[in-house]
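Scroll down for the structure; my scribbles are underneath it.
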Amino acid sequence: MAHSRSARKNIRKNRKSNLDNRGRRAALKTVTKRLLNAVEEKSTVEAQAIFKDLQARLDKTAQNRTIHKNKAARTKSRIQKRINALSKAAATPKA
Numbered sequence: 000m001a002h003s004r005s006a007r008k009n010i011r012k013n014r015k016s017n018l019d020n021r022g023r024r025a026a027l028k029t030v031t032k033r034l035l036n037a038v039e040e041k042s043t044v045e046a047q048a049i050f051k052d053l054q055a056r057l058d059k060t061a062q063n064r065t066i067h068k069n070k071a072a073r074t075k076s077r078i079q080k081r082i083n084a085l086s087k088a089a090a091t092p093k094a
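Numbering-wise (numbering that gives the first Met the number 0), the sequence shown opens with residue 0 and increments by one.
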């Protein structure tokens with residue numbers, strides 16, 4: 000148990016930031032799952048639209064220091080690779 004006033008305040012702050020961060024992470028997971036489902040269904044247009052939203056959310060979450068900026072960049076890169084592969088597969092004619 001915290002004894003000083005500052006320690007008690009830090010506990011309150013930590014609880015609040017924990018709730019905020021949890022919500023941000025959950026929102027990221029939800030959008031990421033929607034995007035990966037669109038990629039699985041081979042819906043290029045939908046995947047690109049969702050990716051635009053995901054990029055903004057990742058950058059905002061990294062800016063708030065909920066996730067590390069390198070994790071945001073890595074996630075964007077990996078998902079962009081999937082979307083590019085999907086676009087390339089859709090563009091190549093099937094013989």
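The C-beta atom is built at its ideal place from N, Cα and C for all residues, glycine as well.
(request) Report yes if the C-beta of Lys68 is less than 7 Å from at least one heavy atom of the ligand GDP; otherwise report no. (result) Of ligands this structure carries none, so the ligand GDP is not represented either.
(message) DSSP three-state label for Thr31, please.
(response) On the sequence shown, residue 31 is found 32 positions in, with the first residue counted as 1. Thr31 falls in the helix class under three-state DSSP.
(message) Rounded to the nearest angstrom, what separates Thr74 and Asp58 at their Cα positions?
(response) By one-based count along the sequence shown, residue 74 stands at place 75. By one-based count along the sequence shown, residue 58 stands at place 59. Answer to the nearest angstrom: the Cα atoms are 11 Å apart.
(request) Return the chain-ordered list of same chain residues with a C-beta closer than 6 Å to the C-beta of Ile10, the five sequence neighbours on each side being excluded. (result) Walking along the sequence shown from the start, residue 10 turns up at place 11. Same-chain partners within the cutoff: Ala1.
(message) Taking the straight line between their C-alpha atoms, what separation do you get for Gln54 and Glu45?
(response) Here residue 54 corresponds to residue number 55 of the sequence shown, with the count starting at 1. Here residue 45 corresponds to residue number 46 of the sequence shown, with the count starting at 1. Rounded to whole angstroms, Gln54 and Glu45 show a C-alpha spacing of 14 Å.
(request) Please state whether DSSP places Ser42 in a helix, a strand or coil. (result) Position 43 of the sequence shown, counting from 1, holds the residue named residue 42. If DSSP states are grouped into helix, strand and coil, Ser42 belongs with coil.
(request) Would you kindly check if the distance between the Cβ of Ser86 and the Cβ of Thr43 is under 8 Å? (result) Numbered from its first residue, the sequence shown carries residue 43 at position 44. Numbered from its first residue, the sequence shown carries residue 86 at position 87. Yes.
(message) Ile78 and Gln47 - do their beta-carbons sit closer together than 8 Å?
(response) Here residue 47 refers to the residue found at position 48 when the sequence shown is read from its first residue. Here residue 78 refers to the residue found at position 79 when the sequence shown is read from its first residue. Gln47 places its beta carbon 8 Å or farther from that of Ile78.
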